[in-house]
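Trainee: The structure is given below, and queries will be raised subsequently.
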Amino acid sequence: MVGQVTEEAIEQVRTANDIVDVIGEYMQLKKQGRNYFGLCPFHGEKTPSFSVTQEKQIFHCFGCGKGGNVITFIMEMEGYTFHEALEFLADKSGIELPATVSQKHSSISPENEQILSASEWVAKLYHHLLRYTKDGKKGYQYFKNRGIADETIDIFQLGFAPEAKDFTAAFLNKKGFHQQILVKSGLLSQHEDNSVSDRFRGRVIFPIRNHLGKPIAFGGRALADQEPKYLNSPENELFRKGRILYNFDLAKKYIRKQNEAVLFEGYMDVISAYQAGVKNGVATLGTSLTDTQAKLLKRYVDTVTLCYDADEAGNEATYKAARILQKAGCNVKIANLRENMDPDNFINEFGGNAFHNEVIKSSLTFTSFYMRYLKKNYNLTLEGDRINYIEKVLEHLATIDSSVEREYYLKELSSNYEISMESLTQQMQVHRQKMGSVRDKQNKNSYTNKRPEFRQQKKLLPAFHNAERRLLAYMLQDPSITDKVQEEIGASFNIEEHKIIATHLYAFYEEYNEANVSKFVEMLKDDYLKKLVTEIAMLSEHDQITDHEINDYIRMIRAEHNNKENIQSLKEEQKLAEQQNNPIKAAEIAMRIIELQKQWKNIN
């Protein structure tokens, strides 16, 4: 059947893609004990609750409840269908799937597929024109004059759009693309008289790729007197400027490796820095940094170095971006760029080594930058302005948790402005006390203000319920325990979902006779059960469990089951007594039911 794939092929793909490696390409994971933890990519959080276990090849978020194996993760993360996720992972690991697998329904609309396809053709066309044709010579010369090597031009697929009005339109028309799609994608511009023309004609082209490396939009820079000087594709479903970062697809592996990202303002800064050996650089797309972009960086790294232009506008943008990154939980550093220079012209003038050593490696802390940034607002030759400036710095220092860092900058203030450390420390403590009062008030209000809490408060479960969960956790990692449970209680679990999981697990071990949680999850069809199994599987942190502990769990489960059966039997007797018009007997049975329920409630 078209679109089907064997269990063996699925298992081959799954085992070839280690879940820690795959998830590590999307977020920063830190090992704690036997598991890896990070900030969940599926919901906003500041404390990591997303757990990945390499041993079991599963993930689970204790905040939002999402869980599964490596295939499930890719489906959730990319919005892929099962077959798309499988094909994606197969490509990553060099596994060739049967041809029928690719004949499937896509998770993206036919229109967006057309836009992606057209963008890919155009990226190749513009790059070819730049590198190998007379028409592209003007664009090629522009990049050569900027010091960009052929290898770098090829890596970034830089291109040139010819000045002919309908060159791109004619090219794509021959490829079978509809004009309406091309206008929506922004490759063509539609005018008031309904005529169309190439949007980027006469410009050098910077393809904008998504995190998977697929061109989704373009940036164009004018070479003549065209306005505007820089022009981007219009936004659509595939391209949202505030949600992606330029060069993220190439930079992410270097960002993970170095545990640091460098954030630039423009395409050429990124490209020049990459050529100079700073390959962990990304840029915003002609707009200010957004919360979404900051959160994306935080998923990958703790530290972000801002390398914006070192002029007044650049300093303002640096300050705003730094505050957004700090709000997202990033440690922010500021590149030590010489005044009134931008990264690209610094590299061209002083070289890549100087940029790496003098600008990036010599980055300032945010506090050092902030102290310099503040000075523009004050005339420090005036006594009143000096006092106001020092007060403002002290307010900032009060927000720093590290006492060592606070003292370091207090000493700098003391030395520069001849004020005693005692006075500075005392005034800073006043600010810290004020901050503490505000925090206490906010915390107090949080009990009365109705705010949505994402993390659900889980109620305490009855003893038998916990016993079932713990027992299932051990069953998932040991077939011999499962054999014992099947023999002792079979499917007599009291929670319906647990009963279904146990039944599936008996069948799984009957066929495979191996503990493999990730494989077991893949065989479950119900999404809720998949999440529940990954949550339960995370409960068992120990390899060994005693027979005594297993017997205790079984005893509790069986006792609950028997109690329910006894109560059910009494209810049937009560119903019969009522039907026989014997109210006294029915009332006696009702009292026995209530007594049994009370006794069992006290036990649990």
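Using UniProt numbering, read the sequence shown as starting at 1 and increasing by one per residue. Glycine is no exception: its CB is placed at the ideal position from the N, C-alpha and C atoms.
Taking E87 as the reference, which of A118, S51, K144, A16 has the closest Cα?
Mentor: Minimum Cα distance to E87 is reached at A16.
Trainee: Once you ignore the five residues that flank D269 on each side, which residues in its own chain have a CB closer than 6 Å to its CB?
Mentor: Correct list, in chain order: P343, D344.
Trainee: Residues in the same chain with beta-carbon distance under 8 Å from K375, minus the five sequence neighbours each way, listed in chain order, please.
Mentor: If we look at K375 and ignore the five residues flanking it on each side, its Cβ neighbours are Y389.
Trainee: Taking the Cβ atom as the reference point for each residue, do A491 and A502 lie within a distance shorter than 7 Å?
Mentor: Yes.
Trainee: If distances are taken between C-alpha atoms only, which option among I208, A169, V204 comes closest to Q190?
Mentor: Selected option, being the one with the closest Cα: A169.
Trainee: Find the nearest neighbour of K361 within the set N377, N513, N336, Q141, judged by alpha-carbon distance.
Mentor: Answer by Cα proximity: N336.
Trainee: Measure the Cβ-Cβ separation of G219 and F239 and say whether it is below 7 Å.
Mentor: No, these two residues do not count as a Cβ contact at 7 Å.
Trainee: Thinking C-alpha only, which one of G63, G24, S49 is nearest I74?
Mentor: Nearest C-alpha to I74: G24.
Trainee: Consult DSSP for S9 and reduce its assignment to one of helix, strand or coil.
Mentor: The residue asked about is misnamed: residue 9 is Ala in this sequence, not Ser. A9 falls in the helix class under three-state DSSP.
Trainee: List the whole-angstrom C-beta distance separating Q275 from T152, where the pair is believed to meet the contact cut-off of C-beta under 8 Å.
Mentor: Yes, they are in contact, since the Cβ atoms of Q275 and T152 sit about 5 Å apart, within 8 Å.
Trainee: Could you tell me which whole beta strand (DSSP E) segments of length 3 or greater appear in the region 309-355?
Mentor: Counting only runs of 3 or more, we get 331-334.
Trainee: Relative to the C-alpha of H465, which residue among H396, G281, H561 is closest?
Mentor: Nearest of H396, G281, H561 to H465, Cα basis: H561.
Trainee: Compute the Euclidean distance between the alpha carbons of R455 and E497, then round it to the nearest angstrom.
Mentor: Confidence at R455 is low in this model, with a pLDDT of 43, below 50, so its placement is unreliable and no value can be given for it.
Trainee: Starting from R209 and walking both ways along the beta strand (DSSP E), at which residues does that stretch end?
Mentor: Counting along the chain, the beta strand (DSSP E) containing R209 begins and ends at 203-209.
Trainee: So, with DSSP's three-state summary, where would you put H60?
Mentor: Looking at H60 - three-state DSSP - the assignment turns out to be strand.
Trainee: Taking a contact to mean a Cβ-Cβ separation below 7 Å, would you say P228 touches G186 in this structure?
Mentor: For P228 and G186, no; Cβs fall outside 7 Å.
Trainee: Among residues of its own chain, excluding the 5 on either side of R469, which ones have a beta-carbon nearer than 8 Å to its beta-carbon?
Mentor: Around R469: L461, H498, I536, L539.
Trainee: Three-state secondary structure (DSSP) at G286?
Mentor: G286 falls in the coil class under three-state DSSP.
Trainee: Using a Cβ distance threshold of 8 Å, determine whether the region 50-69 contacts the region 544-551, with at least three qualifying pairs required.
Mentor: Short answer: they don't touch.
Trainee: I need the boundaries of the alpha helix (DSSP H) containing D154, first residue and last residue.
Mentor: Looking at the DSSP string, the run of the alpha helix (DSSP H) that includes D154 is 150-155.
Trainee: For Y506, which residues from the same chain have a beta carbon less than 6 Å from its beta carbon, with the 5 sequence-adjacent residues on both sides left out?
Mentor: Cβ neighbours of Y506 beyond the five flanking positions: Q486.
Trainee: For E312, tell me which candidate among A294, G329, L129, E339 has the shortest Cα-Cα distance.
Mentor: Selected option, being the one with the closest Cα: E339.
Trainee: From the DSSP output, in three-state form, read off Q574 for me.
Mentor: Q574: helix per DSSP, three-state reduction.
Trainee: Under the three-state reduction of DSSP, which class applies to R221: helix, strand or coil?
Mentor: Three-state result, R221: strand.
Trainee: Where S420 and L245 are concerned, what is the direct C-alpha to C-alpha distance, given to the nearest angstrom?
Mentor: When rounded, the distance between both Cα atoms is 46 Å.
Trainee: Name the two residues that bound the continuous alpha helix (DSSP H) containing N173.
Mentor: Counting along the chain, the alpha helix (DSSP H) containing N173 begins and ends at 167-174.
Trainee: Nearest-angstrom Cα distance between Q180 and D526?
Mentor: About 40 Å.
Trainee: Where does T6 land, buried or exposed, given buried means 16+ other C-beta within 10 angstroms?
Mentor: Label assigned to T6: exposed.
Trainee: Suppose you measure from the CA of Y553 to the CA of F508; what does that come to, to the nearest Å?
Mentor: The alpha-carbon atoms of Y553 and F508 are separated by roughly 22 Å.
Trainee: In the DSSP assignment, what are the bridge partners of G159?
Mentor: I205, per the DSSP bridge assignment.
Trainee: Which residue from T72, A261, E358 puts its Cα closest to that of K530?
Mentor: The shortest C-alpha separation from K530 is found at T72.
Trainee: For G79, count neighbouring C-beta atoms within 10 Å of its own C-beta (all shown protein chains included) and say buried if the count is 16 or more, exposed if not.
Mentor: Classification for G79: exposed.
Trainee: I'd like to check one pair, A294 with I271: are the Cβ atoms closer than 7 Å?
Mentor: No, the pair does not count as a contact, with Cβ atoms beyond the cut-off.
Trainee: Exposed or buried, V430, counting other C-beta atoms within 10 Å across all chains shown (16 or more means buried)?
Mentor: Result: exposed.
Trainee: Who pairs with L231 in a beta bridge, going by DSSP?
Mentor: Looking at the DSSP assignment, L231 forms a beta bridge with G220.
Trainee: Going by DSSP, which residues form a beta bridge with L306?
Mentor: Paired residues: L263, I334.
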